[in-house]
Amino acid sequence: MSVDTSEVRRIAHLSRLAMNDDQARDFAGGLSDIFAFVEQLDGAAIDGVEPMAHPLDAEQRLRPDAVTESDRRETFQAIAPAVEGGLYLVPRVIE
Amino acid sequence: MAQETLSGWVRKLQAREVSSRELTQLYLDRIERLDPQLNSFITVTAEQALAQADAADARLAKGEQSPLLGVPIAQKDIFCTEGVRTSCGSRMLDPFVSPYNATVVERMSADGAVMLGKTNMDEFAMGSSNETSFFGPVRNPWDTERVPGGSSGGSAAAVGARLVPGATGTDTGGSIRQPAAFCGITGLKPTYGRVSRYGMIAFASSLDQGGPMAATAEDCGLMLNSMAGFDERDSTSVERPAEDFTAGLNQELKGLRIGLPTEFFGEAGLDERVRGVIDAAIEVLKGRGAEVREVALPNSHLSVPAYYVVAPAECSSNLARFDGVRYGYRCENPEDLMDLYTRSRGEGFGDEVKRRIMVGTYVLSAGYYDAYYLKAQKVRRIIADDFRCAFEDVDVLLAPTTPELPFALGAKADPVSMYLSDIYTIAANLAGLPAMSLPAGEIDGLPVGLQLIGNYFDEARLLGVAHQYQQETDWHARVPAAFA
Numbered sequence: 017m018s019v020d021t022s023e024v025r026r027i028a029h030l031s032r033l034a035m036n037d038d039q040a041r042d043f044a045g046g047l048s049d050i051f052a053f054v055e056q057l058d059g060a061a062i063d064g065v066e067p068m069a070h071p072l073d074a075e076q077r078l079r080p081d082a083v084t085e086s087d088r089r090e091t092f093q094a095i096a097p098a099v100e101g102g103l104y105l106v107p108r109v110i111e
Numbered sequence: 132m133a134q135e136t137l138s139g140w141v142r143k144l145q146a147r148e149v150s151s152r153e154l155t156q157l158y159l160d161r162i163e164r165l166d167p168q169l170n171s172f173i174t175v176t177a178e179q180a181l182a183q184a185d186a187a188d189a190r191l192a193k194g195e196q197s198p199l200l201g202v203p204i205a206q207k208d209i210f211c212t213e214g215v216r217t218s219c220g221s222r223m224l225d226p227f228v229s230p231y232n233a234t235v236v237e238r239m240s241a242d243g244a245v246m247l248g249k250t251n252m253d254e255f256a257m258g259s260s261n262e263t264s265f266f267g268p269v270r271n272p273w274d275t276e277r278v279p280g281g282s283s284g285g286s287a288a289a290v291g292a293r294l295v296p297g298a299t300g301t302d303t304g305g306s307i308r309q310p311a312a313f314c315g316i317t318g319l320k321p322t323y324g325r326v327s328r329y330g331m332i333a334f335a336s337s338l339d340q341g342g343p344m345a346a347t348a349e350d351c352g353l354m355l356n357s358m359a360g361f362d363e364r365d366s367t368s369v370e371r372p373a374e375d376f377t378a379g380l381n382q383e384l385k386g387l388r389i390g391l392p393t394e395f396f397g398e399a400g401l402d403e404r405v406r407g408v409i410d411a412a413i414e415v416l417k418g419r420g421a422e423v424r425e426v427a428l429p430n431s432h433l434s435v436p437a438y439y440v441v442a443p444a445e446c447s448s449n450l451a452r453f454d455g456v457r458y459g460y461r462c463e464n465p466e467d468l469m470d471l472y473t474r475s476r477g478e479g480f481g482d483e484v485k486r487r488i489m490v491g492t493y494v495l496s497a498g499y500y501d502a503y504y505l506k507a508q509k510v511r512r513i514i515a516d517d518f519r520c521a522f523e524d525v526d527v528l529l530a531p532t533t534p535e536l537p538f539a540l541g542a543k544a545d546p547v548s549m550y551l552s553d554i555y556t557i558a559a560n561l562a563g564l565p566a567m568s569l570p571a572g573e574i575d576g577l578p579v580g581l582q583l584i585g586n587y588f589d590e591a592r593l594l595g596v597a598h599q600y601q602q603e604t605d606w607h608a609r610v611p612a613a614f615a
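Sequences listed follow chains A and B, in order.
For what it's worth, the working numbering labels the leading residue of the first sequence as 17, then goes sequentially.
For what it's worth, the working numbering labels the leading residue of the second sequence as 132, then goes sequentially.
See below:
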């Protein structure tokens with residue numbers, strides 16, 4: 017499978033990656049090669065095979081619904097790019 | 132002095148023949164003097180290390196016997212370290228000082244290991260050459276024009292050059308074993324779930340596994356004893372009683388059944404000289420009583436394609452957390468929220484990370500899930516089943532770690548050719564099996580790695596086979612001349 021520049025830009029948008037046309041052109045070749053490479057899976061004999069989610073077929077461990085972590089908001093917000101009054105700041109979303 | 136192994140230092144520290152402070156200073160001096168040639172460290176934590184060394188010396192003076200007590204080690208910069216920058220080799224996390232420790236860091240530190248610093252790596256562990264690091268490539272100590280392998284290339288080069296006696300790595304598709312092979316050291320990827328992933332920055336969660344990298348199998352066993360163990364904070368951590376991974380070191384090889392997967396020897400691309408080294412290693416093991424037979428892993432040719440669906444899919448989900456809002460890199464003057472997300476990510480991630488995020492986003496996008504991810508997960512099952520069949524007849528599998536010698540910086544410009552350098556390592560990750568690489572020879576002054584793959588939870592046996600091999604050979608003891 018081959019992807020063109022506009023398809024690369026569409027995937028980049030879904031991935032939330034800023035990308036101009038030049039960059040998209042640079043990625044198109046490599047991405048096309050990778051999609052062509054993984055097409056080898058089409059020949060696999062996998063009829064009736066269960067997909068494998070975990071090598072040991074482990075199941076999700078459950079724990080009691082109780083608080084186990086302490087409040088460390090100040091520590092976590094100390095490494096944020098922009099905070100004010102205990103809130104994370106982002107550009108205005110609602111006009 | 133610096134040629135001593137990690138286990139050798141443990142004995143000398145316990146016997147009080149050397150202090151942790153002397154040892155820590157010895158290696159800090161080596162890093163300062165020699166690392167400019169390699170770029171194997173992103174951050175050196177000298178002051179903190181000397182404080183940890185003094186604390187270790189105090190514990191040693193009281194007669195404490197904890198195995199890693201006072202031993203200098205390095206952490207791959209993928210493990211979160213409280214109060215110390217944890218960059219994951221990325222501009223995205225260049226400014227990130229972790230507010231907590233990874234379980235691996237916590238465990239090793241409690242056992243008294245002294246952290247000298249954080250090692251360089253491919254960005255977010257995505258790469259096989261250490262060329263994708265935001266902090267510049269690492270160079271191979273055996274030939275600085277060549278790559279050290281990746282993604283744990285900094286750890287491998289640092290141990291290979293004896294800038295530190297042991298370091299941690301992580302292995303999602305070969306990222307411990309391939310750089311271990313390229314730098315002439317021993318490295319082990321444990322069974323999936325052995326070592327906690329808590330605080331180990333996620334790439335592909337169903338494959339990622341941390342493990343030790345050091346000069347010898349014995350060193351790796353001592354490190355794994357500290358690193359491994361159940362952790363309720365990792366949902367895929369396996370609940371098993373603690374185990375001594377050095378317990379099998381002196382097990383004789385008489386009667387050991389070794390399987391040679393024909394597919395790992397017949398495929399085009401295997402350097403004949405590498406094959407020669409592996410053949411010679413097989414003779415050494417036979418000489419110590421092992422029996423060798425061929426086995427089949429008929430679906431192994433599907434490993435790399437399956438991996439490049441599963442790993443990018445999981446990567447695209449995991450790396451969605453980097454949004455420029457809560458921590459890490461944020462672009463200047465965002466116009467609106469979408470601009471904040473896309474430019475922070477567009478400027479914060481390098482090309483290989485973007486490529487994998489895009490592959491993952493595509494294969495998970497509406498209408499494509501069955502054609503890619505589900506199919507790859509089914510292929511994963513048949514690959515794991517091949518191993519199950521093989522382990523009915525043999526105890527361990529033996530193969531080359533890599534098809535070729537360490538390559539030159541810049542030699543693999545297209546992504547797929549780079550991906551194929553992990554052709555012999557990826558299957559063990561897909562199946563979740565333990566596997567290791569150990570030095571088995573030299574060609575034109577460059578090291579060659581031998582790979583051993585074991586059954587689930589059979590790390591002690593793998594380390595035992597490797598240790599027996601290392602009793603008979605001295606490849607693991609060789610150090611590149613420029614760093615001797």
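From the three backbone atoms N, C-alpha and C, an ideal C-beta is built for every residue, glycine too.
All values reported here derive from a predicted model rather than from experimental measurement.
Taking the C-alpha atoms as reference points, what is the distance between H70(A) and A192(B)?
45 Å
What three-state label does DSSP hand E573(B) in the structure shown?
strand
Top-ranked residue by Cα proximity to S336(B), from V202(B), S431(B), T263(B) and D302(B):
D302(B)
Please tell me whether R77(A) has its Cβ less than 9 Å away from any Cβ of chain B.
It does; some Cβ of chain B falls within 9 Å.
In chain order, what are the residue ranges of uninterrupted alpha helix (DSSP H) at least 4 long that sit wholly in the region 313–383 of chain B?
348–358
Could you please tell me which residues of the region 83–108 of chain A, in chain order, have their CB closer than 8 Å to any CB of chain B?
R88, T91, F92, A94, I95, A96, P97, A98, Y104, V106, P107 and R108
By alpha-carbon positions, which one of R216(B), N170(B), I173(B) and S151(B) ends up nearest to A187(B)?
A187(B) has its Cα closest to that of S151(B), out of R216(B), N170(B), I173(B) and S151(B).
Length at least 3, wholly inside the region 496–532 of chain B: the beta strand (DSSP E) runs in chain order:
527–531
Could you tell me whether the Cβ of F210(B) comes closer than 9 Å to any Cβ of chain A?
no
Thinking just about the alpha-carbon of each residue, which of R32(A), S31(A) and F43(A) is nearest to the one in T21(A)?
Closest in C-alpha terms to T21(A), from the list R32(A), S31(A) and F43(A), comes F43(A).
Measure the CB-CB distance between M344(B) and L199(B) and report whether it falls below 9 Å.
no
Report, in whole angstroms, the separation of the C-beta atoms of G297(B) and P611(B), which I expect to be a contact under 8 Å.
That pair is no contact at about 18 Å.
Where in the region 189–271 of chain B do unbroken runs of the alpha helix (DSSP H), each at least 4 residues long, occur, reported from the N-terminal end onward?
234–241
Could you work out which residue in S357(B), K417(B), A437(B) and P203(B) is closest to G390(B) when comparing CA atoms only?
K417(B)
Got a sec: does the ligand HEM put a non-hydrogen atom nearer than 8 Å to the Cβ of Y550(B)?
As for the ligand HEM, it is missing from this structure, which has no ligand bound.
CA nearest to the CA of T367(B), picked from T347(B), D339(B), M358(B) and F376(B)
Nearest in C-alpha terms to T367(B), of all of T347(B), D339(B), M358(B) and F376(B), is D339(B).
From the beta carbon of D49(A), is the nearest beta carbon of chain B less than 9 Å away?
yes
So, is S138(B) buried or exposed, given that buried needs 16 or more other C-beta atoms within 10 angstroms?
So S138(B) ends up on the buried side.
Look at the Cβ atom of V278(B), then the Cβ atom of R404(B), and state whether they are nearer than 9 Å.
no
What's the C-alpha gap between A348(B) and E414(B)?
19 Å
Ordered along the chain, which non-local residues of its own chain (more than five positions away) have a Cβ less than 6 Å from that of F334(B)?
F255, A256, T303 and C446
Per DSSP, what kind of secondary structure is D589(B) in: helix, strand or coil?
The three-state secondary structure of D589(B), taken from DSSP, is coil.
Which same chain residues, not among the five before or five after Q183(B), have their C-beta less than 6 Å away from its C-beta?
V245
Alpha-carbon to alpha-carbon, D166(B) and L551(B):
29 Å
Starting from G563(B), find everything on chain A with Cβ-Cβ shorter than 8 Å and list it in chain order.
H70, P71 and L72
Which residue wins for smallest C-alpha separation from D38(A), given the options D81(A), R25(A), S31(A) and L47(A)?
Each of D81(A), R25(A), S31(A) and L47(A) was checked against the Cα of D38(A), and the nearest Cα belongs to R25(A).
Anything in chain B within Cβ reach of E66(A), meaning under 7 Å, just list it in chain order.
R512
Closer than 7 Å, Cβ to any Cβ of chain B: which residues of the region 22–34 of chain A, in chain order?
Taken in chain order, the members of the region 22–34 of chain A whose beta-carbon sits within less than 7 Å of a beta-carbon on chain B are I27, A28, L30, S31, R32, L33 and A34.
Are any of the Cβ atoms in chain A nearer than 9 Å to that of I488(B)?
With 9 Å as the cut-off, I488(B) counts as an interface residue toward chain A.
I want to know whether the region 437–457 of chain B touches the region 90–107 of chain A - three or more CB-CB distances under 8 Å.
Enough Cβ pairs lie closer than 8 Å, so yes.
Okay, do the region 263–271 of chain B and the region 228–236 of chain B touch, 3+ Cβ pairs below 8 Å being the bar?
no
Are the C-beta of R474(B) and some C-beta of chain A separated by less than 9 Å?
Yes, R474(B) lies at the interface with chain A (some Cβ there is under 9 Å from its Cβ).
Which same chain residues end up closer than 6 Å to R325(B) when comparing Cβ atoms and leaving out the 5 residues on each side of it in sequence?
A359
Endpoints, beta strand (DSSP E) assigned at F172(B)
F172 to V175 is the span of the beta strand (DSSP E), which, as asked, contains F172(B).
Which same chain residues end up closer than 8 Å to Y439(B) when comparing Cβ atoms and leaving out the 5 residues on each side of it in sequence?
V490 and Y550
Should I584(B) and L536(B) be called a contact, given that it needs their Cβ atoms to be closer than 9 Å?
no
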